[in-house]
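Trainee: Residue numbers (full-length UniProt numbering): 1 to 149.
The structure is reproduced here in C-alpha cells:
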C-alpha cells in the first residue's frame, strides 16, 4: 500500500512539473511575440504584414525559430531598416584615433604622448593603420549593426 501511495505521489508530482514547465515555455514564447510586435510598431515600415498576434512568431517573415518555438534569428534585409552601426563605429574611432587629439602614437621624442594637439606623418600612418584594423574587427569580424526604421 505504501509503494502505491508513493508511486501515485511521484506521478502527481511529474504531471504538476510538466504542467508548470509547459506553462512557463508558453508564457516565454508569448513574451517573445509581444516584444517583437511592440518593436514592429515602433518601425516606420509596413513590410511586416505577416507579423500578426494571432499567428505564432515562427511563421512570420524574417523570423527563424528553434525546435522549441523560440526565436533564434531575425533577418529583415528588405524591411527598410537603416544600418547605422558602421557609421557610428567609424565616427567614434575617428575621434578617438585622431593623432594629437587624445593621444599620439608615436610621439616625437618617445612612444606615447597625450593631448598635445600636434602630429607628424608617422603618427598619421600609425593611427590610420590602427583605425582600419579596428574598423575591420568591429564591422567584419564581429559584425556590429545598429538598425533604425
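For glycine and all other residues, C-beta sits at the position ideal for the given N, C-alpha and C.
Check for me: the beta strand (DSSP E) holding residue 72 runs from which residue to which?
Mentor: Going by DSSP, residue 72 is part of the beta strand (DSSP E) stretching over 71-74.
Trainee: Pairing CB atoms from the stretch 26-41 with CB atoms from the stretch 66-77, are three or more of them under 8 Å?
Mentor: Touching, per the Cβ criterion.
Trainee: Would you mind giving the Cβ-Cβ distance between residue 147 and residue 48, rounded to the nearest angstrom? I have them listed as a contact below 8 Å.
Mentor: Not quite, the Cβ-Cβ distance comes to about 13 Å (not below 8 Å), so this is no contact.
Trainee: By the 10 Å Cβ neighbour count, where 16 or more other Cβ atoms means buried, how is residue 123 classified, buried or exposed?
Mentor: buried
Trainee: Excluding five sequence neighbours on each side, which residues of the same chain lie with their C-beta closer than 7 Å to the C-beta of residue 106?
Mentor: 122, 123, 126
Trainee: Please return the same chain residues whose Cβ sits closer than 7 Å to the Cβ of residue 89, not counting the five positions on each side in sequence.
Mentor: Once the five neighbours on either side are set aside, the close Cβ partners of residue 89 are 135, 138, 139, 144.
Trainee: Between the alpha carbons of residue 97 and residue 91, how many angstroms are there, rounded?
Mentor: Computed Cα separation, rounded: 10 Å.
Trainee: For residue 103, which residues from the same chain have a beta carbon less than 8 Å from its beta carbon, with the 5 sequence-adjacent residues on both sides left out?
Mentor: 112, 113, 114, 115
Trainee: Nearest to residue 76 by CA position, among 63, 84, 87, is which residue?
Mentor: Taking residue 76 as reference, the option from 63, 84, 87 with the minimal CA-CA separation is 63.
Trainee: Taking the C-alpha atoms as reference points, what is the distance between residue 32 and residue 56?
Mentor: 10 Å
Trainee: According to DSSP, is residue 1 helix, strand or coil?
Mentor: Residue placement at residue 1 is poorly supported in this model, since its pLDDT is 49, which falls under 50; the coordinates still yield a value, given next. In the structure shown, residue 1 sits in coil (DSSP, three-state: anything other than H, G, I, E or B).
Trainee: According to DSSP, is residue 82 part of a helix, a strand, or is it coil?
Mentor: strand
Trainee: Return the CA-CA distance between residue 59 and residue 66, expressed in angstroms with no decimal places.
Mentor: 12 Å
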